[in-house]
Amino acid sequence: MLSQTIQEALNKQVAMEAASSQAYLAMASWAEIQPGLDGVTNFFYQQSDEERIHMLKLIRYINERGGFAVVPALEQPNITFQSLQRVFEEFLKHEIAVSESINELVGLCLGERDFSTHNFLQWYVTEQLEEEALARTLNDKLELVGDDKGGIYLFDKDIMLFRNAANASGNMTT
Ligand code: FEO
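The sequence shown begins at 3 in our numbering and counts up by one.
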């Protein structure tokens, strides 16, 4: 049985994963109406789906442990972006915030001696390492490219390769 404290903290994480899914869906929709960003569009549609899976895993876990997973209200995320660089900066900022939240949750579980939830969360710890590393790589590449159209063309063309490489080297699933 989950303690009230852990249940509330897990439900907060549910809301954060839902917000991530919404944020990346908005990035996908923005990219889709820009000329020539098919790769970035696919990347964020997929990223949005993954975040929904992260949310679902938490919901199933909370309920399995005798708690009640609360489906959160949806807030509108940022829907417009000044540039492709801004999109990826926001992506990295978001992933760093999620990592911090997961780390706090892990610390809380240790404090409460909830070793089952601590164990369950290890998947998220690994996932965040991979996602943050991928977001940093993509930001570094965009910094190199700057405003060069040829570079952006190649970045868009290769973005799914970067993602697949990250999936293959780590435990990013789905
Ligand atoms: Fe599930 Fe990337 O946060």
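Ideal Cβ positions, reconstructed from N, Cα and C, are used throughout, including at glycine.
- With fewer than 16 other beta carbons inside 10 angstroms of its own, Q124 counts as exposed.
- If the five residues before and after Y26 are omitted, its C-beta is found closer than 7 Å to the C-beta atoms of F46, Q49, S50, E53, all from its own chain and listed in chain order.
- For R88, the number of other beta carbons within 10 angstroms of its own is below 16, and it is reported as exposed.
- Between L144 and F90, the CB-CB gap stays under 7 Å.
- A Cβ-Cβ contact shorter than 7 Å links V42 with I161.
- For S22, the CB falls within less than 6 Å of some heavy atom of ligand 1.
- For Q24, the secondary structure class from DSSP, reduced to helix, strand or coil, is helix.
- Taken atom to atom, the span from the alpha-carbon of E10 to that of F157 is near 40 Å.
- For N44, the three-state secondary structure derived from DSSP is helix.
- Secondary structure at E77: coil, using DSSP grouped into helix, strand and coil.
- P79 and N44 have their C-alpha atoms some 19 Å from each other.
- Its chain contains P79, N80, I81 as the residues whose beta carbon lies nearer than 7 Å to that of A28, once the 5 sequence neighbours on both sides are disregarded; these appear in chain order.
- By the Cβ neighbour-count rule, G69 is buried, with 16 or more other Cβ atoms within 10 Å of its own.
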